[in-house]
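Colleague:
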Amino acid sequence: MDKKTECEIVQDLLISYADDVLNQSSKKMVEMHLIECEKCRKKLQEIESDLHKNEETQKKQIDYLKKLRRRSKLKAILGAALILFVIFASWYLYKFCTIYGISRKLEKQFEVENFYIENISSCDENKVAFSKTWYKNGKYKVVSYIEENGEIIQKFETKYGDFLQNSKEEFLINEEEKKAHKEKMLFKKNKSDIISQQSSFVLTWDLNNPYQYIVAKLGEPFYVRISTDHKQIGRKYYVLNFGETEKWVDIETGLLIMSFGDILGTNFYPNTNIPKQEFRSASEYHYEFGKVTDEDVQMPDLSGYEVEEFDWKEIFEN
Ligand SMILES: [Zn+2]
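In this note's numbering, the protein residues as written are 2 to 319.
1. Is it the case that the CB of Glu7 approaches a heavy atom of ligand 1 more closely than 7 Å?
2. Consult DSSP for Glu112 and reduce its assignment to one of helix, strand or coil.
3. What residue range is occupied by the uninterrupted beta strand (DSSP E) comprising Thr134?
4. Tell me, please, which residues DSSP counts as bridged to Asn175.
5. Would you mind working out which of Asp51, Gln59 and Gly102 sits nearest Gly255, comparing C-alpha positions?
6. Expressed to the nearest angstrom, what Euclidean distance is found between the alpha-carbon atoms of Gln233 and Lys96?
7. Can you tell me where the alpha helix (DSSP H) holding Ile10 begins and where it ends?
8. Can you tell me whether Phe86 is helix, strand or coil according to DSSP?
9. Does the beta-carbon of Lys40, which I'm using as the reference point, lie nearer than 7 Å to any heavy atom of ligand 1?
10. Under the three-state reduction of DSSP, which class applies to Val22: helix, strand or coil?
11. Counting only the same chain and skipping the five closest in sequence on each side, list residues whose C-beta sits under 7 Å from that of Leu52.
12. Pull up the CB-CB distance for Leu15 and Ile36, whole angstroms please, since I reckon it's below 8 Å.
13. Can you give the Cα-Cα distance for Ser284 and Leu85, rounded to whole angstroms?
14. For ligand 1, any of its heavy atoms closer than 7 Å to the Cβ of Val11?
15. Run through DSSP, which three-state label would Tyr161 get?
16. Is DSSP giving His287 helix, strand or coil here?
17. What does a CB cutoff of less than 8 Å around Lys44 pick up in its chain, not counting 5 residues either side in sequence?
18. Just to confirm, are Lys106 and Lys185 a CB contact at a threshold of 8 Å?
19. Helix, strand or coil: how does DSSP classify Ser228 here?
20. Below 8 Å on the Cβ atoms is my contact criterion, and I expect Glu114 with Lys137 to pass it. Report the Cβ-Cβ distance as a whole number of Å.
21. Cutting at 6 Å between CB atoms, please list the residues of its own chain near Met259, excluding the five before and the five after it.
22. What whole-angstrom Cβ distance do Lys183 and Glu318 have, given they're in contact under 8 Å?
23. Tell me the residue span of the alpha helix (DSSP H) that contains Lys393.
24. Residues in its own chain within less than 8 Å of Glu176 by CB, not counting five upstream and five downstream?
25. Ends of the beta strand (DSSP E) at Glu307?
26. Taking Ser260 as part of the beta strand (DSSP E), name the residues at either end of that continuous run.
27. According to DSSP, simplified to helix, strand and coil, what is Arg236?
28. Could you tell me which residues DSSP pairs with Ser123 in its beta bridges?
29. Any chance the CB of His34 is under 7 Å from a heavy atom of ligand 1?
30. Using 10 angstroms around the beta-carbon of Leu303, count the other beta-carbons present and answer buried if the total reaches 16, otherwise exposed.
31. Around the Cβ of Lys74, are there at least 16 other Cβ atoms within 10 angstroms (buried) or fewer (exposed)?
32. Could you check what DSSP says for Ile153 in three-state terms: helix, strand or coil?
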């Protein structure tokens with residue numbers, strides 16, 4: 002074999018040699034030739050450097066693809082997170098705005114200095130408790146009693162107060178027995194206390210501490226379930242659920258219409274454990290605005306009354 006032919010044969014094999022895929026005898030033959038032939042050695046170097054370059058580009062390509070894949074994975078995760086966030090935000094905002102809307106309407110209702118609230122509550126199957134509040138320009142009167150089958154079986158002392166005189170003072174008056182309690186309270190009472198005592202609204206709109214108020218306001222949407230209904234009263238109302246309690250709120254006015262509390266007991270079918278009906282504590286509320294007269298909130302003249310003073314501060318200090 003002349004030199005030139007040998008070179009051609011070896012150069013044909015060089016790529017396979019560089020890839021290390023030749024059989025032992027061909028490999029030996031190539032190596033023997035390379036020792037003697039500089040031209041083929043150079044050729045091998047070229048091939049090896051080409052191969053090396055090729056590997057590098059391939060590696061770069063693979064790296065690029067990997068990066069691309071990581072990025073699209075990240076994008077997918079971010080996308081899902083964004084969707085979840087949007088769903089959560091709309092869920093939260095819907096509730097927050099609904100509750101906020103109710104509070105605003107309610108506050109507007111009670112901006113007037115003249116209102117009457119009636120609260121009728123079931124105590125058990127036969128007894129009904131009434132509580133009626135008249136409020137006019139800082140003066141108020143609260144009358145409460147319990148009826149059984151339409152007859153008053155218990156009457157409580159009538160409560161009077163006058164914020165213009167003293168917002169820490171309240172009178173409990175028994176007009177039949179001509180007895181009166183003058184109570185000195187620990188804290189000042191205000192209009193929203195009167196409203197919330199009577200029409201205990203679910204929402205914490207009467208909290209005085211602004212920090213507590215904000216925390217409560219922001220927390221409300223998490224635990225209130227909100228829906229609407231119109232079955233019981235012929236017009237649409239919100240149904241707000243807080244675990245065991247349920248409150249119905251007039252959509253137009255924000256006023257509390259009904260509230261249902263804990264289950265008080267269960268009726269069973271006779272001689273069985275099959276529940277027939279559960280009864281809960283329940284209250285209904287009625288309102289009138291602008292109709293309270295001065296006489297409605299006028300405390301009786303206490304001359305001829307036995308007046309006892311009652312100071313909560315003294316009780317707490319002793
Ligand atoms: Zn050669």
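Ideal placement from N, C-alpha and C gives every residue a C-beta, glycine not left out.
Just so it is clear, the structure is predicted and the values come from calculations on it, not from any experiment.
Modeller: Looking at the coordinates:
1. yes
2. coil
3. Lys128 to Lys137
4. Lys180
5. Gly102
6. 23 Å
7. Lys4 to Ala19
8. helix
9. yes
10. coil
11. Ala19
12. That pair is no contact at about 14 Å.
13. 39 Å
14. yes
15. strand
16. strand
17. Gln12 and Leu15
18. no
19. strand
20. 7 Å
21. Trp249 and Glu285
22. Incorrect: roughly 18 Å between the Cβ atoms, too far for contact.
23. No information on residue 393 is available, as it lies outside the stretch 2 to 319 that the chain covers here.
24. Thr159 and Pro301
25. Glu307 to Asp312
26. Leu257 to Phe269
27. coil
28. Val129 and Ala283
29. yes
30. exposed
31. exposed
32. strand
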